[in-house]
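In this note's numbering, the protein residues as written are 575 to 726. Single-structure report; data block below.
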């Protein structure tokens with residue numbers, strides 16, 4: 575499937591590799607909210623409210639999952655793993671790398687569908703890790719360093 579004007583081919587890495595040095599330049603994350611115990615927080619801490627979406631091949635997602643495990647949050651924050659297929663719709667659920675054939679919450683087959691549920695006008699990359707709020711049905715954060723700090 576060819577990408578449309580609003581759908582970037584996510585297997586094309588030319589926009590995140592420096593043409594001068596060949597170095598990887600990670601794009602800025604689009605979703606930057608926080609889980610907080612502040613009284614007016616949109617995302618208060620709560621057991622079984624949040625889901626961490628990862629792909630085991632992504633080092634940033636892997637480190638977020640490591641912190642989740644090391645902090646003993648396996649029974650607090652659900653983990654969803656995507657397969658190894660990456661295409662124009664982002665990571666896919668293909669049964670590989672411990673993934674199911676579909677997203678267990680919504681039956682999605684690609685990570686793009688989760689991003690579109692959070693923001694139908696989103697036009698960026700469909701990255702992991704992604705911290706999802708099941709109650710508000712939106713992405714809390716897709717910035718790994720901030721997810722790690724939230725879990726810490």
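A virtual CB, placed ideally from N, CA and C, is assigned to each residue, including glycine.
Terminal residues of the continuous alpha helix (DSSP H) containing residue i?
| i | result |
| --- | --- |
| residue 687 | 685-692 |
| residue 641 | 633-644 |
Leaving out five residues before and five after residue i in sequence, what residues of the same chain have Cβ atoms less than 8 Å from its Cβ?
| i | result |
| --- | --- |
| residue 608 | 615, 617, 714, 715, 720 and 724 |
| residue 722 | 637, 638 and 641 |
| residue 611 | 618 and 619 |
For residue i, does the three-state DSSP call read helix, strand or coil?
| i | result |
| --- | --- |
| residue 706 | strand |
| residue 723 | helix |
Whose C-alpha, out of the options, is nearest the C-alpha of residue i?
| i | options | result |
| --- | --- | --- |
| residue 702 | 628, 621 and 611 | 628 |
| residue 619 | 691, 689 and 650 | 650 |
| residue 688 | 669, 656 and 670 | 656 |
| residue 726 | 647, 606, 613 and 630 | 647 |
Let me check one thing: in DSSP terms, what residues is residue i bridge-paired to?
| i | result |
| --- | --- |
| residue 712 | 707 |
| residue 620 | The partner list for residue 620 (beta bridge, DSSP) is empty, contrary to what the question assumes. |
| residue 697 | Residue 697 is not bridged to any residue. |
| residue 660 | 665 |
| residue 626 | 653 and 705 |
Within its chain, find whatever has a CB closer than 7 Å to the CB of residue i; leave out the 5 residues flanking it on each side and keep chain order.
| i | result |
| --- | --- |
| residue 595 | none |
| residue 683 | 666, 667 and 676 |
| residue 711 | 691 |
| residue 678 | 654 |
| residue 623 | 707, 708 and 709 |
| residue 621 | 650 |
| residue 634 | 703 and 718 |
Where do the N-terminal and C-terminal ends of the beta strand (DSSP E) with residue i fall, by residue?
| i | result |
| --- | --- |
| residue 651 | No beta strand (DSSP E) holds residue 651; DSSP gives it neither H nor E. |
| residue 609 | No beta strand (DSSP E) contains residue 609, which DSSP labels as neither H nor E. |
Counting only the same chain and skipping the five closest in sequence on each side, list residues whose C-beta sits under 6 Å from that of residue i.
| i | result |
| --- | --- |
| residue 632 | 702 |
| residue 652 | 625 |
| residue 686 | 663, 664 and 700 |
| residue 604 | 698 |
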